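For the sequence shown, the numbering used here assigns the number 288 to the initial residue and increments by one for each residue that follows.
Just so it is clear, CB atoms sit at the ideal spot from N, CA and C, and this is done for glycine as well.
These figures come from a predicted structure and were not determined experimentally.
These notes concern the structure reproduced below.
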Amino acid sequence: MSNYHIKAFEEYFQVYRKSVRNPEQFWEEIAEEHFVWRKKWSNVLSWDFKNPEVKWFEDAKLNITENCLDRHLSTKGDKTALLFEANDPNETAEHITYKQLHARVCKFANVLKEKGIEKGDRVCIYLPMIPELAISVLACARIGAIHSVIFAGFSATALSTRINDCDAKMIITSDGSYRGAKTIDLKGIVDEALNDTPGIESVLVAKRTHSKIIMKDGRDYWLQPLLDEANENCDAEIMDAEDPLFILYTSGSTGKPKGMVHTSAGYMVYTAYTFKNVFQYKENDVYWCTADIGWITGHSYIVYGPLANGATTVMFEGVPSYPDYGRFWNIVEKHKVTQFYTAPTAIRALAKQGAEFVDKYDLSSLKVLGTVGEPINEEAWHWYDENIGKKKSPIVDTWWQTETGGIMITPIPFSTPTKPTYATLPFIGIQPALMDENGKEINGNQVEGRLCIKFPWPSIARTIWGNHKRYKETYFSAYDNMYFTGDGALRDEVGYYRITGRVDDVIIVSGHNLGTAPIEDAINEHQAVSESAIVGFPHDVKGNALYGYVTLKDSGEGQNHDHLRKEINQLITDRIGPIAKLDKIQFTNGLPKTRSGKIMRRILRKIACNETDQLGDTSTLLNPEVVQEIIKNTL
Ligand code: 7RM
Numbered sequence: 288m289s290n291y292h293i294k295a296f297e298e299y300f301q302v303y304r305k306s307v308r309n310p311e312q313f314w315e316e317i318a319e320e321h322f323v324w325r326k327k328w329s330n331v332l333s334w335d336f337k338n339p340e341v342k343w344f345e346d347a348k349l350n351i352t353e354n355c356l357d358r359h360l361s362t363k364g365d366k367t368a369l370l371f372e373a374n375d376p377n378e379t380a381e382h383i384t385y386k387q388l389h390a391r392v393c394k395f396a397n398v399l400k401e402k403g404i405e406k407g408d409r410v411c412i413y414l415p416m417i418p419e420l421a422i423s424v425l426a427c428a429r430i431g432a433i434h435s436v437i438f439a440g441f442s443a444t445a446l447s448t449r450i451n452d453c454d455a456k457m458i459i460t461s462d463g464s465y466r467g468a469k470t471i472d473l474k475g476i477v478d479e480a481l482n483d484t485p486g487i488e489s490v491l492v493a494k495r496t497h498s499k500i501i502m503k504d505g506r507d508y509w510l511q512p513l514l515d516e517a518n519e520n521c522d523a524e525i526m527d528a529e530d531p532l533f534i535l536y537t538s539g540s541t542g543k544p545k546g547m548v549h550t551s552a553g554y555m556v557y558t559a560y561t562f563k564n565v566f567q568y569k570e571n572d573v574y575w576c577t578a579d580i581g582w583i584t585g586h587s588y589i590v591y592g593p594l595a596n597g598a599t600t601v602m603f604e605g606v607p608s609y610p611d612y613g614r615f616w617n618i619v620e621k622h623k624v625t626q627f628y629t630a631p632t633a634i635r636a637l638a639k640q641g642a643e644f645v646d647k648y649d650l651s652s653l654k655v656l657g658t659v660g661e662p663i664n665e666e667a668w669h670w671y672d673e674n675i676g677k678k679k680s681p682i683v684d685t686w687w688q689t690e691t692g693g694i695m696i697t698p699i700p701f702s703t704p705t706k707p708t709y710a711t712l713p714f715i716g717i718q719p720a721l722m723d724e725n726g727k728e729i730n731g732n733q734v735e736g737r738l739c740i741k742f743p744w745p746s747i748a749r750t751i752w753g754n755h756k757r758y759k760e761t762y763f764s765a766y767d768n769m770y771f772t773g774d775g776a777l778r779d780e781v782g783y784y785r786i787t788g789r790v791d792d793v794i795i796v797s798g799h800n801l802g803t804a805p806i807e808d809a810i811n812e813h814q815a816v817s818e819s820a821i822v823g824f825p826h827d828v829k830g831n832a833l834y835g836y837v838t839l840k841d842s843g844e845g846q847n848h849d850h851l852r853k854e855i856n857q858l859i860t861d862r863i864g865p866i867a868k869l870d871k872i873q874f875t876n877g878l879p880k881t882r883s884g885k886i887m888r889r890i891l892r893k894i895a896c897n898e899t900d901q902l903g904d905t906s907t908l909l910n911p912e913v914v915q916e917i918i919k920n921t922l
């Protein structure tokens with residue numbers, strides 16, 4: 288029992304040591320004592336990072352929704368499970384109790400069944416942050432359907448690519464969505480996407496904005512009438528520990544998005560255990576994570592982790608700037624939020640607005656502050672600490688990934704002394720390593736290298752949907768017997784980790800991971816474009832902004848460059864979404880290339896970041912002369 292809730296720094300070390308000396312025994316104890324199983328496992332862990340293959344709690348039977356809902360009914364049936372705060376501050380917040388959530392999930396699950404969804408089928412969910420989003424996720428899990436949530440800011444093309452990649456049978460959406468003062472025609476985007484998704488048989492539509500939309504006969508169904516008819520009991524499908532629970536797409540440095548596959552038992556155990564400890568959740572706390580459920584942070588730390596702990600979890604539909612920049616703090620005061628988890632990009636945007644938006648509100652309920660998604664800079668860290676935490680709430684800088692399923696490197700609040708910009712120490716059971724460029728592990732402290740993980744943890748993604756080869760190549764080929772994260776990190780004199788950022792062609796803009804390749808592909812579709820390269824450069828709110836170098840088919844003389852820039856950004860918006868638009872577009876006569884023809888993004892990155900003194904040796908390039916031209920014309 289005592290291992291489940293860590294309350295002191297010495298205890299962290301004790302439990303950590305135990306967890307790495309005998310991981311099987313450690314996780315078996317956690318799994319046994321804190322979850323309900325229909326059948327216990329025959330083997331705790333089998334793994335092989337070469338093949339690669341990882342299995343946790345093999346042969347165990349369970350349903351994650353029984354752990355998130357049913358088991359709380361007798362003890363916490365009337366406790367608020369989901370606390371929904373709408374975009375419009377005047378709309379009354381909705382408190383959905385565990386009993387109500389259970390009934391709504393069961394009803395929804397019965398609707399899915401009635402529409403022909405069976406265990407193992409893929410269901411895409413393209414919804415705004417309304418209760419139906421969490422409910423549909425859990426309804427899929429209830430019947431063993433594999434959910435794939437697609438962030439409702441993605442374009443029609445991005446949506447259809449994902450629907451086709453996982454061959455989904457159904458999509459769940461809404462008539463529209465609210466985002467601040469804007470209303471977005473979600474159903475229109477879905478209709479466009481469904482022009483080339485032959486596998487989709489039905490569309491369930493939740494009513495939110497009451498906008499006029501087109502409902503296609505025999506394909507589209509309003510959700511509410513179906514729910515009204517449905518039974519509020521639905522037996523949970525008994526799932527195997529290693530049955531897929533969901534697919535979630537993440538950008539890769541090349542090619543199409545990767546559908547990361549997470550399975551049932553290990554994911555449940557790890558997200559629940561990390562939630563409890565990283566946020567030090569106590570009964571009667573009100574926990575709020577501002578992420579969207581379209582990202583892994585929302586899956587693990589709005590839905591599954593909190594509910595597996597019987598917590599109250601806030602779901603916010605809106606944006607931090609509406610109706611003004613005080614909205615987050617207004618919500619903290621209104622619901623007496625105790626744990627608040629957000630991204631550095633939001634912190635920086637709010638810090639820019641000045642103290643008057645914060646000082647109006649009583650933030651004394653806050654106990655723990657969290658950050659995730661990208662490195663947090665020193666200034667933002669201190670602003671968060673001083674203005675929001677009043678120097679009394681520890682900041683947990685949590686490093687993890689879609690692929691890791693749960694938090695990997697983080698302080699444990701009230702135990703681990705924090706250090707600005709440092710994610711500090713590995714969570715229980717996590718064995719990080721820093722590697723050098725020759726594939727050797729870098730030992731000792733005060734070192735920097737590429738961040739790998741040496742040993743499996745329960746919520747590691749098991750494969751890329753439909754492409755196990757890519758899974759192996761991306762994560763297990765760079766270093767022998769290691770999971771490679773794609774991040775660089777340094778370890779300070781006491782062993783604390785600081786994540787320095789991506790070392791591949793993924794750029795994090797406002798907390799969104801963007802691969803350079805799909806953006807370049809979109810640009811290259813423009814008939815005037817010959818080729819392009821995207822790099823990131825520092826931006827004080829977004830963390831990184833995008834700089835595009837574009838060469839045109841004819842030298843571009845006489846062409847209207849501003850017009851071209853608009854068209855290029857429109858193409859990006861259509862193919863990926865507005866989050867991937869470029870901040871700067873420079874037209875060039877060529878891109879620096881190696882002799883084998885690879886674009887040297889490293890050089891372009893230095894130029895875009897104004898670090899032209901650090902270009903290194905460019906003489907081996909195929910076309911060294913373009914470098915000076917590019918520097919001269921920098922925007
Ligand atoms: C949870 C999430 C993963 C990438 C990861 C890092 C970056 C995430 C931090 C961070 C520095 C952090 N999943 N990242 N958290 N960098 N400090 N605390 O964000 O799949 O969307 O992104 O995000 O580069 O590899 S994700």
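Query                                                                                                                                                                                       : Result
Using the beta-carbon count (16 or more within 10 Å), is tryptophan 616 buried or exposed?                                                                                                  : buried
Would aspartate 774 pass as an interface residue toward chain B - the criterion being a Cβ-Cβ separation below 8 Å?                                                                         : Here chain B cannot be found, since the structure has a single protein chain.
Going by C-alpha distance, which of Tyr557, Val331, Asp579 is nearest proline 418?                                                                                                          : Asp579
So, using beta-carbon positions, are alanine 443 and serine 464 closer together than 8 Å?                                                                                                   : no
If we call anything under 8 Å between Cβ atoms a contact, is glycine 736 one with leucine 721?                                                                                              : yes
For cysteine 927, collect the residues of the same chain with a Cβ closer than 6 Å to its Cβ; drop the 5 residues on either side in sequence, then sort them by chain order.                : The first residue shown for the chain is 288 and the last is 922, placing residue 927 beyond what the model contains.
Could you name the residues of the same chain whose beta carbon sits closer than 6 Å to that of aspartate 723, not counting the 5 residues immediately before and after it, in chain order? : Ile729, Gly736
Would you mind working out which of Pro743, Ile293, Glu311 sits nearest phenylalanine 566, comparing C-alpha positions?                                                                     : Ile293
Roughly how many angstroms lie between the CA atoms of glutamate 912 and asparagine 876, to the nearest whole one?                                                                          : 10 Å
Going residue by residue through the stretch 706 to 776, where are the continuous beta strand (DSSP E) segments of at least 3 residues, counting only ones entirely within it?              : 719 to 722, 734 to 740
Any heavy atom of the ligand 7RM inside 7 Å of the beta-carbon of glutamate 661?                                                                                                            : yes
What did DSSP end up calling glutamate 340 once you bin it into helix, strand or coil?                                                                                                      : strand
Is the beta carbon of methionine 695 closer than 8 Å to that of isoleucine 717?                                                                                                             : yes
Kindly indicate which three-state DSSP category aspartate 452 falls into: helix, strand or coil?                                                                                            : helix
Where does methionine 288 sit, in a helix, a strand or coil, going by DSSP?                                                                                                                 : With a pLDDT of only 45 at methionine 288, under 50, the local geometry of the prediction cannot be trusted, and no value is derived from it.
Hey, would you say alanine 250 sits closer than 8 Å to asparagine 596, going by beta carbons?                                                                                               : Residue 250 falls outside the range modelled here, since the chain spans only 288 to 922, and no answer is possible.
In angstroms with no decimal places, state the Cα-to-Cα distance between methionine 288 and glutamate 316.                                                                                  : Note on methionine 288: pLDDT 45, under 50, position unreliable in the model; no value is reported.
Residues in its own chain within less than 7 Å of valine 302 by CB, not counting five upstream and five downstream?                                                                         : Asn290, Ile293, Ile715
Quick one: give me the first and last residue of the beta strand (DSSP E) that glutamine 873 is part of.                                                                                    : 871 to 875
In this structure, does DSSP put leucine 653 in helix, strand or coil?                                                                                                                      : coil
From this set, Asp530, Ile487, Met502, which residue's C-alpha is nearest lysine 987's C-alpha?                                                                                             : Residue numbering for the chain in the displayed model covers 288 to 922; residue 987 lies beyond these limits and cannot be assessed.
To the nearest angstrom, report how far apart glycine 467 and isoleucine 412 are at their CA atoms.                                                                                         : 21 Å
Is glutamine 873 a contact residue of the ligand 7RM, with contact defined as CB to any heavy atom under 7 Å?                                                                               : no
Heavy atom of the ligand 7RM less than 7 Å from the Cβ of aspartate 684, yes or no?                                                                                                         : yes
Between glycine 782 and asparagine 732, which are expected to be in contact by the criterion C-beta below 8 Å, what is the C-beta distance as a whole number of angstroms?                  : 6 Å
Among Leu446, Val573, Ile430, whose alpha-carbon lies nearest the alpha-carbon of serine 436?                                                                                               : Contrary to the premise, residue 436 reads as valine rather than serine in this sequence. Of the candidates Leu446, Val573, Ile430, the one whose C-alpha sits nearest the C-alpha of valine 436 is Leu446.
Need the endpoints of the alpha helix (DSSP H) that aspartate 684 sits in, please.                                                                                                          : No alpha helix (DSSP H) contains aspartate 684, which is instead part of the beta strand (DSSP E) from 682 to 684.
Looking at glutamate 524 and glycine 431, is the spacing between their C-beta atoms short of 8 Å?                                                                                           : yes
Is it buried or exposed for threonine 703, if we count other Cβ within 10 angstroms and need 16 for buried?                                                                                 : buried
Is it right to say valine 734 is buried, meaning 16 or more other beta carbons lie within 10 angstroms of its own, or is it exposed?                                                        : exposed
Tell me whether asparagine 397 is buried or exposed, calling it buried when 16 or more other Cβ atoms sit within 10 Å of its Cβ.                                                            : buried
Can you tell me which of Gln814, Ser489, Thr352, Lys840 puts its alpha carbon nearest to the alpha carbon of proline 593?                                                                   : Thr352
Assess contact between the stretch 339 to 354 and the stretch 321 to 330, defined as three or more Cβ pairs (one per stretch) separated by less than 8 Å. Is contact present?               : yes
Between histidine 622 and valine 573, what straight-line distance do the alpha-carbon atoms span, to the nearest angstrom?                                                                  : 7 Å
Leaving out five residues on either side along the sequence, give the residues of the same chain with a beta carbon under 6 Å from the beta carbon of threonine 705.                        : Pro681, Ile682, Pro698
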